[in-house]
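Beneath this line is the structure, given in structure tokens, with notes to follow.
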């Protein structure tokens, strides 16, 4: 019996066709990410040779879980590290899917193979092989194997897909708009990406339609809009008549498409920049609103979400370094090994990647069931990155020592982009929780995503992340907020928790920024029963619109390369939602009304009730660069010649709290006395200088100085007129401004009395403040008379 083994190894970029006359060691040919198909075709002879040894048994690649269960591991040519169907659909929770491997069980050595041409074995079934149409390189001894796993081919279903209908308008219409046919209810476009060789710079694609009501197989490319190079690249978008139209896309997306397309098979992707019509016409705005509202469904039901992070070599090294970080038995040596310094530098560079600073990507990653990171042809699971970052945070101090010992800039570990990446990962992994629900009628169990964070929490937590459109400050997280609107399609997997049936905020890109921002603030007040949102800076400062003072814009941001020590402002006194640091209004519920809008673009008035406590009589210069000016010491009656320091003064410098809102450590008074011993010749306390001098000697003293900086940065020292309160005021504060406590606000605020053109009085919100002695409800208990304030 003559046997021919025809093995096709598809590594995603090149196909290798092997014919062997001896034992085959497949593991030496393909990488761990290869997809291997084997078949043995036999041609019977008149008399079998009984002296021939038995052949080796060849199997498909399977993960460990499918191998142990004796099941097929499908799809056979899936994209590792994507999970297989069985591991992904396991109930009640998905199980970890291991890297596919060949079955190593053998039935003896292979018999000697006789070379037979395909013409001599007409009955032999051949697998679908694309080697003749691929890269043109079918040599089995070519050592260059594409390291990235093969992209997952998408099996099309006639019930799930339909080609776009032919256009009935003028056949000579060659506008790109001819590619965007109107969408019906529950429809969305999928990009059919034509195959292309690795060195082929041209890209061709077309659209097919998918339906929410029918299961479909597709993938999603999540990426950074614009990318590092603001250059446009032309691709060909084919309309239903077969006409190719040039379409411009950003270079960052172009790199992603070229790397993720298959060399021989078409792939189906959802890419927002192409699948959504972003033209500015009224019809296009309506289409855009519907499609963006469906993004949660689209990303949740995608077979895989490919997060493209760019082609930088540091990113590729970092993805390859992550498995070493995850080796818990060796990470202790890794943080002390000088030879690992390059790996840590690459990992830090990965955390500074701008993709972790984009708001929309939080939702896209949070709702995806399987997410992978891609740089060139290198990939890893997003869950692996999450665990690696958690380990990195716990050993950061050790890595800092490693950087110092090797002459590297340890302050890179304090880069603001790293803190943004940590916040991105924290929210994307905790905003949703998978829960199992049993249907009472059928007793069937289904898994849903429960929303855990409110809209106010999401907007506040992610205030440092950026969005191109000011409206996306709200819209990008609306679908994952627990108090956000419920979806209209019954096929959406949704939590069982109750939400409001009528929700004032919904995606509408024709709405004005002022109107949407004001509606968000009102919604936050109603949902949280708190006025703290009017003290937080969260709104896009570049929105170029006339915002009321009770919608706080973000300050102009520092360059992203700056580290945490390069502050722009002090930390917020109200803190984040659910983590109140103070209780100045003694737990009162806000009483408020809002005026009717004169126009969608005009600011409204917010009417609130509260207490007028006092008026500012003295203000010091603001603490630029964390400098405690001599005027601060003078207004606080702090005599540097006396050993005793006024307690109210040093407690004001730290806002009477320790790090993360903890109780104030008693040794802070000793640390401040040490500061007075190192006062500058001008009588100022320069905290940055003291930190630089003490960083290598006293970590406790540095902790105190960093706490002081987080409180006083750019703020002013205040003294009140009647009751001689001391405290901290926002930098725009002026003498004569009012110190007030508003019902429902956890900290005092500074208000400024104004008059409009008709002589009617109103107030502007200057900002939050710290006033020593009234931060925990003392003023409310003192019986001040309440009054109403109109905030504009």
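Residue numbers (our numbering): 724 to 1515. Just so it is clear, CB atoms sit at the ideal spot from N, CA and C, and this is done for glycine as well. Just so you know, these numbers come straight off a predicted model, no measurement behind them.
Per-residue DSSP class, three states only, for residue i
| i | result |
| --- | --- |
| residue 1495 | coil |
| residue 1349 | helix |
| residue 956 | strand |
| residue 1478 | strand |
| residue 1001 | coil |
| residue 1371 | helix |
| residue 1153 | helix |
| residue 1135 | helix |
| residue 831 | Note that residue 831 scores 42 on pLDDT, short of 50, meaning its location in the model is unreliable and no value can be drawn from it. |
| residue 1463 | strand |
| residue 941 | coil |
| residue 786 | coil |
| residue 1232 | coil |
| residue 1401 | coil |
| residue 1485 | strand |
| residue 1027 | strand |
| residue 1101 | strand |
| residue 1074 | helix |
Separation of residue j from residue i, as counted between CA atoms
| i | j | result |
| --- | --- | --- |
| residue 1207 | residue 1421 | 47 angstroms |
| residue 1019 | residue 1254 | 30 angstroms |
| residue 1487 | residue 1511 | 13 angstroms |
| residue 1335 | residue 1034 | 58 angstroms |
| residue 968 | residue 1319 | 48 angstroms |
| residue 822 | residue 812 | 17 angstroms |
| residue 1417 | residue 1430 | 15 angstroms |
| residue 1064 | residue 792 | 41 angstroms |
| residue 944 | residue 1031 | 7 angstroms |
| residue 1495 | residue 1460 | 17 angstroms |
| residue 678 | residue 1229 | Residue 678 falls outside the range modelled here, since the chain spans only 724 to 1515, and no answer is possible. |
| residue 1448 | residue 1070 | 49 angstroms |
| residue 1171 | residue 1086 | 16 angstroms |
| residue 1016 | residue 784 | 39 angstroms |
| residue 1094 | residue 1380 | 40 angstroms |
| residue 875 | residue 1029 | For residue 875, the predicted model reports a pLDDT of 40, less than 50, meaning its position is unreliable; a value from the coordinates is still stated below. Near 11 angstroms, if we compare the C-alpha coordinates of residue 1029 and residue 875. |
| residue 989 | residue 932 | 15 angstroms |
| residue 1052 | residue 1076 | 28 angstroms |
| residue 1388 | residue 982 | 54 angstroms |
| residue 1263 | residue 824 | 50 angstroms |
| residue 1073 | residue 1355 | 42 angstroms |
| residue 1108 | residue 1057 | 17 angstroms |
Neighbour-count burial assignment, residue i, 16 or more Cβ in a 10 Å radius
| i | result |
| --- | --- |
| residue 1169 | exposed |
| residue 1135 | buried |
| residue 1508 | exposed |
| residue 1398 | buried |
| residue 1321 | exposed |
| residue 1098 | buried |
| residue 1302 | exposed |
| residue 1493 | buried |
| residue 1367 | exposed |
| residue 1386 | exposed |
| residue 938 | exposed |
| residue 1458 | exposed |
| residue 971 | exposed |
Nearest neighbour of residue i, chosen from the options [CA to CA]
| i | options | result |
| --- | --- | --- |
| residue 1175 | 1415, 806 and 1201 | 1201 |
| residue 1315 | 1252, 1139 and 1347 | 1252 |
| residue 1198 | 1380, 1368, 1443 and 1235 | 1235 |
| residue 1011 | 998, 1023, 947 and 1452 | 998 |
| residue 930 | 909, 965 and 1391 | 965 |
| residue 1423 | 1391, 1044 and 1450 | 1391 |
| residue 1188 | 1351, 1323 and 1078 | 1078 |
| residue 1328 | 1388, 1403, 1237 and 1352 | 1237 |
| residue 1009 | 1374, 907, 1478 and 921 | 907 |
| residue 1300 | 987, 1092, 1180 and 1428 | 1180 |
| residue 1245 | 1326, 1305 and 1277 | 1326 |
| residue 1339 | 1106, 1440 and 1166 | 1440 |
| residue 1342 | 1442, 1277, 1248 and 1258 | 1442 |
| residue 1103 | 1400, 1042, 1411 and 1353 | 1042 |
| residue 1324 | 1373, 1269, 995 and 1352 | 1269 |
Any C-beta of chain B under 8 angstroms from that of residue i
| i | result |
| --- | --- |
| residue 819 | Protein chain content of the structure displayed is limited to a single chain, and chain B is not contained in it. |
Inset, instruction - Identify every run of the beta strand (DSSP E) within the region 1261–1334, keeping only runs that are complete inside it and at least 3 residues long; order them along the chain. - result: 1315–1317
Inset, instruction - Only counting runs of 4 or more residues, tell me where the alpha helix (DSSP H) segments fall wholly within the region 1394–1448, in order along the chain. - result: 1410–1417 and 1422–1435
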